[in-house]
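Per the UniProt record's numbering, residue 1 is the first one in the sequence shown, and the count goes up by one each step. The beta carbon of each residue, even a glycine, is placed where N, CA and C say it ideally should be. Contents: one structure, followed by commentary.
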Amino acid sequence: MNKKPWLKIIGIGDDGWDGLTHRQQEIIIDATHIFGGKRHLDFLPDNLQAELKVWPTPFLKGIDEILSLKGKNIVVLASGDPMFFGVGATLLRYLPVDEVLVLPHPSSFSLAAAHLGWALQDIICLSVNGRPIRSIVPHLQPHSRFIILSENGESPSALAKILTEQGFGASTMVVMEHLAGTKQRIRSQKADMFSLEDCENLNLVAVDCKADNADAGYSCCSGLADSAFFNDGQLTKQDIRAVTLAHLAPRWGEVLWDVGAGSGSISIEWLRGTKGSRAYAIERNARRQDIILKNADHFGVIGLHLIKGEAPFCFDGLEPPDAIFIGGGFTHPDLFSRCWQSLKKGGRMVVNAVTLETAAILAAEAPKLNARLIHLALSEAAPLGHFHVWRNALPITMMIARKP
1 MNKKPWLKII GIGDDGWDGL THRQQEIIID ATHIFGGKRH LDFLPDNLQA
51 ELKVWPTPFL KGIDEILSLK GKNIVVLASG DPMFFGVGAT LLRYLPVDEV
101 LVLPHPSSFS LAAAHLGWAL QDIICLSVNG RPIRSIVPHL QPHSRFIILS
151 ENGESPSALA KILTEQGFGA STMVVMEHLA GTKQRIRSQK ADMFSLEDCE
201 NLNLVAVDCK ADNADAGYSC CSGLADSAFF NDGQLTKQDI RAVTLAHLAP
251 RWGEVLWDVG AGSGSISIEW LRGTKGSRAY AIERNARRQD IILKNADHFG
301 VIGLHLIKGE APFCFDGLEP PDAIFIGGGF THPDLFSRCW QSLKKGGRMV
351 VNAVTLETAA ILAAEAPKLN ARLIHLALSE AAPLGHFHVW RNALPITMMI
401 ARKP
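Quick look at the structure:
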């Protein structure tokens, strides 16, 4: 039998109390405790009997307090749709859905799309509220459109700077403040001409991307140019990287161990091509650790965890991997067995070898794992006087295994 929900999460817009339905208002009137941001609580009438609680800092403290009141008549007020970049999604990680009633208000994204005449299903909705602002970078494509929930009044200017740096300065930015409220204001400027310095903290930014040139935006597929990455030469090269990623076969929500990560290019391409995934970039060299972090910030990827240490001694405590790439550090005798033991059932492991000694290890191990061995030898035309010859790159032995 379904339980009666004791926690009600109610979305509220900038139109305040009057924008709530009669049912939502009745639930709030009957509540014993009401949690929300100060702005949300200020919308409520003065004659309520409930105890009003401004959401504390840190955020998790508020969750603990709500859980301690289980069984009472509790209301949480949230902006717009609580399940869309909202507190509702967070609270439901701690509570079964039959104990919670969610009553959404139109989200700020819906209000923005309605104003712009954009089909919501055709645009990308993002939030930089509590998230790295460079997380927009993977979404920068010619002709793409997205709406971004800002963190504060400085976010629009910072977004304009990123757009311009990434070659999308000609993009139109629409800054929408206090949508549907009495202080609503909507203004539009080009990213490379952006000069609005008085934006309200409560704002969204809609972006209609327009590339400044044909090189703006990164490819949606794996195998980015080597020049796109900061590196000290320790980099899985573009063509080999594309083949490697194809065999690692990234999927949403999966975990990669990138052993001997170098510049982090494999981890970054894994995260660019997936959603909700994690990549553990394992690197012992301090200089390359800095390069990995620099690349992660440059590409705006979320979910990269730098593990400073030497494999396999740093494996303890890591999430079990769905895929493992070994591109460096294949000198410790226990590394191969520890990786294989850690790999989930059905997981994939790809090992790239350059030296004859490492290739010999792969040749010995491959039959035991029913693994594939392939040899990759690439040549590129290069000038020789008035003529051209093939210049050979170092050949790669690649082992591809799937754990039964």
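Residue environment analysis places C220 among the exposed positions, since fewer than 16 neighbouring C-beta atoms fall within 10 angstroms of its C-beta. Selection I266, M193, Y94 and Q121 evaluated against L60 yields Y94 as nearest (Cα-Cα). Contact annotation, G300 with R134: C-beta distance approximately 4 Å; criterion of less than 8 Å satisfied. Contact fails between the segment 202-220 and the segment 323-341, because fewer than three Cβ pairs, one in each stretch, are under 8 Å apart.
If you draw a straight line from the Cα of E200 to the Cα of I400, it is about 53 Å long. Rounded to the nearest whole angstrom, the C-alpha separation of V351 and A360 is 12 Å.
Bridge pairing for C125: I147 [DSSP].
Looking at the DSSP output, W6 shares a beta bridge with no other residue. Beta-bridge partners of H33 (DSSP): E51 and I74.
Leaving aside the five residues that flank T397 on each side, the residues in its chain whose CB is nearer than 7 Å to its CB run, in chain order, A353, A359, L362, L373 and H375. As DSSP reads the structure, R278 sits in a beta bridge with V255. Sixteen is the threshold: when 16 or more other Cβ atoms of the shown chains lie within 10 Å of the Cβ of W270, as they do, the residue is buried.
Cα atoms of F109 and C209: separation of roughly 17 Å, rounded to the nearest angstrom. Exclusion of the five residues before and after W55 leaves F35, G36, G37 and G62 as the residues of its chain whose Cβ lies within less than 7 Å of its Cβ. For the pair L318 and W252, the CB atoms are not nearer than the 9 Å cut-off. Residue pairing of S188 in beta bridges, as defined by DSSP: V174. CA-to-CA, the gap between W118 and H143 works out to about 13 Å. In the three-state reduction of the DSSP assignment, D297 falls in the helix class.
Just so you know, the alpha carbons of C125 and T355 end up roughly 46 Å apart. Between the segment 280-294 and the segment 305-316 there are three or more inter-stretch CB-CB distances shorter than 8 Å, so the stretches are counted as touching.
Its Cα nearest to that of A225, the residue Q238 stands out among I291, G217 and Q238.
The Cβ atoms of A78 and H40 lie closer than 9 Å to each other. Per DSSP, N201 has no beta-bridge partner at all. In the displayed model, G62 falls within a helix according to three-state DSSP.
For the pair R145 and V174, the Cα-to-Cα distance works out to about 11 Å. In this structure, G71 lies near W6, with their beta-carbon atoms less than 9 Å apart.
If only uninterrupted alpha helix (DSSP H) runs of at least 4 residues are considered, those enclosed by the segment 333-378 are 335-342 and 356-369.
Cα atoms of E197 and P383: separation of roughly 53 Å, rounded to the nearest angstrom.
By the 16-neighbour rule on beta-carbons within 10 angstroms, A261 is buried.
L67 counts as exposed, since fewer than 16 other beta carbons sit within 10 angstroms of its beta carbon. DSSP places F325 in the strand class (E or B) of the three-state scheme. Counting of Cβ neighbours within 10 angstroms places R287 among the exposed residues, the total staying below 16. Under the three-state reduction of DSSP, A180 is assigned to coil, being neither helix nor strand. Contact check for G167 against H105 fails: the beta carbons are separated by 9 Å or more.
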